[in-house]
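Just so we're aligned: the sequence shown equals residues 4 to 145 in our numbering. C-beta: ideal position from N, C-alpha, C; glycine also.
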Amino acid sequence: MKSIKPGRGPSAMGAAGSIGAVIFGILWTIIAFSITRNAPFPLIGIVFPLFGVVFVITGIVNAVVHYKNATGENRMSIVDIVDASEEPDPLDRYYRGERREGRTTLASAEPEEAKKFCPYCGTRLASADYEYCPQCGKPLQG
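#1: Which first and last residues belong to the alpha helix (DSSP H) in which isoleucine 60 is found?
#2: Specify the secondary structure class of valine 82 as computed by DSSP and reduced to three states.
#3: If you run the structure through DSSP and keep just helix, strand and coil, what is tyrosine 133?
#4: Whose C-alpha, out of His69, Val56, Val57 and Ser37, is nearest the C-alpha of serine 14?
#5: What is the DSSP secondary structure of proline 13, reduced to helix, strand or coil?
#6: When you compare the CB positions of phenylalanine 51 and phenylalanine 27, do they come within less than 8 Å of one another, or not?
#7: DSSP three-state label for serine 21, please.
#8: By the DSSP assignment, the beta strand (DSSP E) with serine 88 in it spans what residues?
#9: Run through DSSP, which three-state label would phenylalanine 120 get?
#10: Around the Cβ of threonine 32, are there at least 16 other Cβ atoms within 10 angstroms (buried) or fewer (exposed)?
#11: Taking the alpha-carbon positions, what's the glycine 17 to arginine 127 distance?
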């Protein structure tokens, strides 16, 4: 499985932006309570301040996640790239009908077809018997 991880700089900026969202949510809540205190409809005095509470909660959660990604050793993945044999797609069974007919996937490809190219540099291999790529020298999995 391969993972694509966020950079530390964007994560630090996300944490700073999340702190800004928390401050905005607190200000929104205070101002919304003061403006809607004497509202003719009591529901307005509840709904508008709740937007600020949602901003604060969302901002705190995002700040924690971004701070962990900016400073932690093991960052959370944005995308995990997995083979179908490692982790099957749970929604794949719903799309197996007519859309999947005629398509070949890497998992269903013939082993000989998979050995025609180097998986590292993409060089075409003259024979499937190579143990090392003639271009980049990396070992080919057999």
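Judging by the given coordinates:
#1: 47-74
#2: strand
#3: coil
#4: His69
#5: helix
#6: no
#7: helix
#8: Looking at the DSSP string, serine 88 is not in any beta strand (DSSP E), and its letter there is neither H nor E.
#9: strand
#10: buried
#11: 43 Å
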